[in-house]
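Undergrad: Residue numbers (my numbering): 160 to 614.
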Ligand code: NAD
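1. In angstroms with no decimal places, state the Cα-to-Cα distance between residue 400 and residue 532.
2. Check whether the Cβ of residue 473 lies closer than 8 Å to any heavy atom of the ligand NAD, and answer yes or no.
3. Would you check if the stretch 509-520 and the stretch 535-543 touch, i.e. whether three or more CB-CB distances between them fall below 8 Å?
4. For the stretch 438-518, which segments carrying the alpha helix (DSSP H) assignment without a break, of at least 4 residues, lie completely within its bounds, in sequence order?
5. Between the stretch 324-336 and the stretch 351-368, do at least 3 Cβ pairs fall closer than 8 Å?
6. For residue 410, report the span of its beta strand (DSSP E) as first-last.
7. Who are the near neighbours of residue 660 in its chain, counting only those whose CB is closer than 6 Å to its CB and skipping five residues on each side?
8. Looking at residue 458 and residue 290, is the spacing between their C-beta atoms short of 9 Å?
9. Would you identify the three-state DSSP class for residue 305, choosing helix, strand or coil?
10. Could you spell out where the alpha helix (DSSP H) holding residue 314 opens and where it closes?
11. Assuming residue 293 contacts residue 165 under a Cβ cut-off of 8 Å, what Cβ separation, rounded to an integer in Å, is found between them?
12. Check this for me: beta carbons of residue 270 and residue 257, under 9 Å apart or not?
13. Any heavy atom of the ligand NAD within a distance shorter than 8 Å of the CB on residue 205?
14. Hey, how far is the Cα of residue 551 from the Cα of residue 603?
15. Helix or strand or just coil, what does DSSP make of residue 399?
16. Going by Cα to Cα distance, which pick from 526, 546, 411 is closest to residue 390?
17. List the residues that DSSP assigns as beta-bridge partners of residue 386.
18. Pull the bridge partners of residue 424 from the DSSP assignment, please.
19. Report the option in 503, 525, 587, 522 whose CA atom is closest to the CA atom of residue 218.
20. Verify the contact flag: residue 541, CB atom, against every heavy atom of the ligand NAD, threshold strictly below 8 Å.
21. Are the Cβ atoms of residue 417 and residue 312 separated by less than 9 Å?
22. If we ignore side chains and look at the alpha-carbon of each, how far apart do residue 245 and residue 423 end up?
23. Can you tell which of 393, 304, 460, 198 has its C-alpha closest to the C-alpha of residue 446?
24. The ligand NAD and residue 348: does the residue's C-beta get closer than 8 Å to at least one heavy atom of that ligand?
25. Using beta-carbon positions only, say whether residue 321 and residue 242 come within less than 9 Å of one another.
26. Is the beta carbon of residue 508 less than 9 Å from the beta carbon of residue 363?
27. Cα-Cα, which of 366, 331, 380, 373 is closest to residue 344?
28. Thinking C-beta only, is residue 548 closer than 9 Å to residue 608?
29. If you draw a straight line from the alpha carbon of residue 555 to that of residue 579, how long is it in whole angstroms?
30. Residue 583 by DSSP, collapsed to three states: which one?
31. Apply the 10 Å Cβ neighbour rule to residue 285 and answer buried if 16 or more other Cβ atoms are within range, or exposed otherwise.
32. Pick from 274, 530, 577: whose alpha carbon is nearest that of residue 454?
33. Rounded to whole angstroms, what's the CA-CA distance from residue 340 to residue 472? Just pull it up for me.
In structure tokens, the structure reads:
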């Protein structure tokens, strides 16, 4: 009874998709989960954030309605309803995953899993054996050793109970920081972002960061880069002071709440029994190209082992790993991961950027279209965005795309498809884009790119 072909530890998007795939390929599969199924993405990450962002977007539209002839009225957000709506969405999707486990005959073992030895997992005192063990335990918010940081919250707490705030200081201008800045600003809160590097979203195309900084500053979000946070103090029941240095100058900012969003660290606490330890690097489990750890028959996918911490990267890795275990060649290219940031306007990126090409000394052709005269952008009075496409000069093969505009997170898939299949600009130019759409901007950027290629 306690013997499986595959035991997956962690039911987030890496683990649950891998378990379902294993079962679909005929493996006797179990999945171990100590909390709710769905992992960070569903319970404390992507899904709650995007549900709240949808409310914030409705509030923003209502506020800006006058531009479109909609009579302006007092816009207020009921945080209790917003929170309940978020809970309903999460519960519905969670129920869907549990139904899939039942339907596909994946045994859900509730409790904390611990690897006792290769092929052996204990769950709350019961020992199970498996041919293959797949670790997909995800990550938890990282907290740097800043004095007084215990007064700050992480995205986990703020998503659990969204609340009305007058002011919020966000430490970290990365993906979580900027999504929360967009969210709380749209909900009427005064937001200050303190970022240690010389720009927000330091891993993204520089032009995107500059544009987003400009748009958010214009909207009233305060963004301080090159800020070194030195301490957080509680100054009242509902107020904190964050001290930071900026270019040798000591500064302080007051806020009702402080959010710490400086990255996430791999979650391996209690995962390995005594004397069992795979090779790790700064807490991250090291794996080879088949997702195999240094322990025989033990694999790892997602945030616990991956440098890219994204739900869809974890899913792609989990499915590719199980494919290999079943002796199949993975269909998905798990190395090509699009990245989406749900700010307003949205940001999406895939493959090589012009910045990366330049840093690596690789010559590329770049086609850029500013969405200034895109009909749909004008109709919706969207902030000024752009689409940038990068191609190989000799072949015209599309290598990457970066965009910042409405619907960017939906539109990136067609460009990911093009990059994954090494499509050329000439092939992409055969497409007719419906009018008026945001995607016409892709056609325009391709036209610019073709001009560069034929120069
Ligand atoms: P991140 O790595 O994206 O950003 C952290 C930021 O904090 C960086 O800009 C870093 O320079 C800054 N920082 C670090 N230490 C600091 C300090 N002491 N003071 C000020 N700034 C400091 O991490 P995150 O935003 O916490 O997100 C965690 C992970 O979750 C990321 O891998 C992210 O991609 C992922 N995520 C993705 C999405 C999405 O895809 N839409 C949404 C949320 C989170």
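Yeah, the Cβ is synthetic: ideal placement off N, Cα and C, and Gly gets one too.
TA: According to the structure data:
1. Position 241 of the chain shown, counted from the first residue, corresponds to residue 400. Position 373 of the chain shown, counted from the first residue, corresponds to residue 532. Computed Cα separation, rounded: 44 Å.
2. Locating residue 473 in the chain shown gives position 314, where the first residue counts as 1. No.
3. no
4. 470-484, 513-518
5. yes
6. Start at 1 with the first residue of the chain shown, and residue 410 comes out as number 251. Looking at the DSSP string, the run of the beta strand (DSSP E) that includes residue 410 is 408-414.
7. Here the chain comprises residues numbered 160 to 614, so residue 660 is not present and cannot be evaluated.
8. Position 131 of the chain shown, counted from the start, is the residue given in the question as residue 290. Position 299 of the chain shown, counted from the start, is the residue given in the question as residue 458. Not closer than 9 Å, so no.
9. The sequence position of residue 305 within the chain shown is 146, counting from 1. Three-state result, residue 305: coil.
10. In the chain shown, counting from the first residue as 1, residue 314 sits at position 155. First-last of the alpha helix (DSSP H) with residue 314: 314-319.
11. Position 134 of the chain shown, counting from 1, holds the residue named residue 293. Position 6 of the chain shown, counting from 1, holds the residue named residue 165. About 7 Å; that satisfies the 8 Å criterion.
12. Locating residue 270 in the chain shown gives position 111, where the first residue counts as 1. Locating residue 257 in the chain shown gives position 98, where the first residue counts as 1. Cβ distance not < 9 Å, so residue 270 and residue 257 don't count as in contact.
13. Residue mapping note: residue 205 aligns to position 46 of the chain shown, counting from 1. It does: the Cβ of residue 205 is within 8 Å (strictly closer) of some heavy atom of the ligand NAD.
14. One-based indexing of the chain shown puts residue 551 at position 392. One-based indexing of the chain shown puts residue 603 at position 444. Their Cα atoms are separated by approximately 18 Å.
15. In the chain shown, counting from the first residue as 1, residue 399 sits at position 240. Residue 399: strand per DSSP, three-state reduction.
16. The residue given as residue 390 occupies position 231 in the chain shown. If we check each option's Cα against that of residue 390, 411 comes out closest.
17. Mapped onto the chain shown, residue 386 falls at position 227. For residue 386, which the question treats as bridged, DSSP gives the partners 405.
18. One-based indexing of the chain shown puts residue 424 at position 265. Paired residues: 299.
19. The sequence position of residue 218 within the chain shown is 59, counting from 1. Checking every option, the nearest Cα to that of residue 218 belongs to 503.
20. Residue numbering aside, residue 541 sits at position 382 when the chain shown is read from its first letter. No, the Cβ of residue 541 stays beyond 8 Å of every heavy atom of the ligand NAD.
21. Within the chain shown, residue 417 is the residue found at index 258, counting from 1. Within the chain shown, residue 312 is the residue found at index 153, counting from 1. Cβ distance < 9 Å, so residue 417 and residue 312 count as in contact.
22. In the chain shown, the residue the question calls residue 245 occupies position 86. In the chain shown, the residue the question calls residue 423 occupies position 264. When rounded, the distance between both Cα atoms is 23 Å.
23. Taking the first residue of the chain shown as position 1, residue 446 is located at position 287. Among 393, 304, 460, 198, the Cα nearest to that of residue 446 is on 460.
24. Position 189 of the chain shown, counted from the start, is the residue given in the question as residue 348. Checking every heavy atom of the ligand NAD against the Cβ of residue 348, none is found closer than 8 Å.
25. As a position in the chain shown, residue 321 is number 162, starting the count at 1. As a position in the chain shown, residue 242 is number 83, starting the count at 1. Yes, Cβ-Cβ distance for residue 321 and residue 242 is below 9 Å.
26. For the purposes of this step, residue 508 is taken as residue 349 along the chain shown, with counting starting at 1. For the purposes of this step, residue 363 is taken as residue 204 along the chain shown, with counting starting at 1. Their beta carbons are under 9 Å apart, which means residue 508 touches residue 363 by this criterion.
27. To locate residue 344, count along the chain shown from 1; it is residue 185. Selected option, being the one with the closest Cα: 380.
28. Within the chain shown, numbered from 1, the residue matching residue 608 stands at position 449. Within the chain shown, numbered from 1, the residue matching residue 548 stands at position 389. Yes, these two residues count as a Cβ contact at 9 Å.
29. Translated into the one-based positions of the chain shown, residue 555 becomes position 396. Translated into the one-based positions of the chain shown, residue 579 becomes position 420. If I take the Cα positions, the gap works out to 14 Å.
30. As a position in the chain shown, residue 583 is number 424, starting the count at 1. Three-state result, residue 583: strand.
31. In the chain shown, counting from the first residue as 1, residue 285 sits at position 126. With fewer than 16 Cβ atoms within 10 Å of its Cβ, residue 285 is classed as exposed.
32. As a position in the chain shown, residue 454 is number 295, starting the count at 1. When only C-alpha atoms are compared, the closest one is 274.
33. Your numbering for residue 340 matches position 181 in the chain shown. Your numbering for residue 472 matches position 313 in the chain shown. One C-alpha to the other measures close to 24 Å.
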